[in-house]
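Here's the structure we're looking at; comments come further down.
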Amino acid sequence: MTAGADTAPRLRRSLLATPGNVEAKVLKSAGLPVDVLMLDLEDGVPGTDDAKAQARDVLGRCIRGHAFATREIAIRINGPRTPWFRDDLAFVTTLDIPTVVVPMVEDAEDMVRVERELDDLKAPERLGLILLIETPAAVLNLPEMVKASPRTNGLIAGGLDYAMCMHSLSILPFQTDAGGHRHDEDLLYMRQRILAVARAHGLSALDAMRPGEISDLAAIRDDAAYARWLGFDGIDFYHPAFIDLANEVFTPSAEELAWADKVLAPSSGDEAGATASRKVDGRVVLPQHVEIAKRLRALAAEIGKGT
């Protein structure tokens, strides 16, 4: 187990993307119970100089003039290969926010540039980065990208762009099986690689919700539960209707916490987990189970801090 694998949980069960150029939407999102509110300067804003500048003005007024209920505010800037990158970075360094989401990064050189620009702008050391991994090049170069960026503390799996780059047909709305379920095998390598790099370096890992019918909450819940089963910490999405669903799915259940308490309970005077011969509910408790139980309890405690 690496040193980064047992860091305290960073609560990112839900990440809501909100366009940064619509003041009413930004202010409405300020009171939502989402773990991470991502105010968007990239895809959610038209690709013109005037539109990008207007969005920066809107976000500046909103963030400086209003209180936000969210646990973490992040701003998604435009990528390092766009003409708006430097202005976006200069803007975010004037705000008291903890996180910047950097999209469309593909190699270590991109991350070296991001870090250098932040240093030149004298950005505070506490300003962290979440990388949006969206292309085959980014997936393949991910270990080197993370090593080149000490500010990085999270990764997001951008499955839609990745599937497009891979020529996958899974993103087509009619690509489902007889039961109406979509196959996501095309994303498994990307997801597993992102998770492996995240766990090796002590980063959070979020999956991205694929676009679909907002009313199909059962399918969305299944997708989120599958992401958690794989090991993701949360999921990002574009509609506030999914906040409660995401928070619920990525919160340890009562059943999980009851199991964790049994696993962590001292037995015969020994420390919890000190022996591999203990049983809980008729099943052998191994050291790996103890670590999972500790993680579930730590996550529940972190969630409780905000209630």
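Heads up: the sequence shown begins at 39 in our numbering, then just goes up one per residue.
All residues carry an ideal CB built from backbone N, CA and C; glycine is no exception.
Restricting to Cα atoms, I'd like to know which of Glu61, Leu65, Glu110 is closest to Arg48.
Looking at the Cα atoms, Glu110 is the closest of the given residues.
If I follow the unbroken beta strand (DSSP E) through Asp261, where does it start and stop?
Run containing Asp261: none in the beta strand (DSSP E); it sits in the alpha helix (DSSP H), 255-268.
For Leu167 versus Val140, is the C-beta spacing smaller than 8 angstroms?
In this structure, Val140 lies closer than 8 angstroms to Leu167 by Cβ.
Can you list, in chain order, the stretches of the alpha helix (DSSP H) that have 4 or more residues and sit fully within the region 270-342?
Runs found: 281-287, 292-302, 325-342.
So the beta strand (DSSP E) Gly166 belongs to, where does it begin and stop?
166-171 is the extent of the beta strand (DSSP E) around Gly166.
What do you reckon, are the CB atoms on Ala243 and Phe270 nearer than 8 angstroms?
Taking 8 angstroms as the Cβ cut-off, Ala243 and Phe270 qualify as a contacting pair.
Looking at C-alpha atoms only, which residue of Ala265, Leu54, His327 is the closest neighbour of Gly82?
Considering only alpha carbons, the answer is Leu54.
Three-state secondary structure (DSSP) at Leu72?
The question names Leu, but residue 72 in the sequence shown is Val. Three-state DSSP puts Val72 in coil, outside helix and strand.
Can you have a look at Gly42 and say buried or exposed, based on whether 16 or more other CB atoms are within 10 angstroms of its CB?
At Gly42, the pLDDT of 41 sits below 50, so the modelled position is not reliable; the number obtained from the coordinates is stated separately. So Gly42 ends up on the exposed side.
Are there three or more Cβ pairs, one per stretch, closer than 8 angstroms when the region 92-111 is compared with the region 58-73?
Contact holds: three or more Cβ-Cβ distances are below 8 angstroms.
On the CB-based measure, 16 or more other CB atoms within 10 Å of its CB, does Met202 come out buried or exposed?
It counts as exposed.
Tell me which same chain residues have a C-beta within less than 8 angstroms of the C-beta of Glu182, skipping the five on either side of it?
Asp145, Ala146.
On a Cα-Cα basis, can you pick out the residue from Glu80, Pro84, Asp88, Val96 that is closest to Ala62?
Ranking Glu80, Pro84, Asp88, Val96 by Cα distance to Ala62 puts Val96 first.
Would Arg99 and Leu180 be called neighbours here (beta carbons separated by less than 8 angstroms)?
It is not a contact, given that the beta carbons lie outside the stated cut-off.
Quick one: is Pro287 buried, meaning 16 or more other Cβ sit within 10 Å of its Cβ, or exposed?
In the sequence on display, residue 287 carries Val and not Pro. Answer is buried; the Cβ neighbour count reaches 16.
Nearest to Ala284 by alpha carbon, out of Leu165, Leu334, Asp73?
Looking at the Cα atoms, Asp73 is the closest of the given residues.
Pick from Ile135, Met247, Ala262: whose alpha carbon is nearest that of His277?
Looking at the Cα atoms, Met247 is the closest of the given residues.
Let me know if Leu255 comes out buried or exposed under the rule of 16 or more other beta-carbons within 10 Å of its beta-carbon.
Exposed: under 16 other Cβ atoms inside 10 Å.
For the alpha helix (DSSP H) that Pro174 lies in, which residues bound it at each end?
Segment 174-185, the alpha helix (DSSP H) holding Pro174.
Measure the alpha-carbon distance for Pro162 versus Pro325 and round it to whole angstroms.
Each residue's alpha carbon lies about 40 angstroms from the other.
So what's Leu77 in DSSP terms, helix, strand or just coil?
DSSP places Leu77 in strand when its eight states are reduced to three.
Between Lys66 and the ligand NAD, is the CB less than 7 angstroms from at least one heavy atom?
By its list of ligands, the structure shown contains no ligand whatsoever, and the ligand NAD lies outside what it can speak to.
Cβ of Glu294 within 8 angstroms of Cβ of Leu334?
Closer than 8 angstroms, so yes.
Roughly how many whole angstroms lie between the Cα atoms of Ala176 and Val143?
Going by the C-alpha atoms only, they are around 6 angstroms apart.
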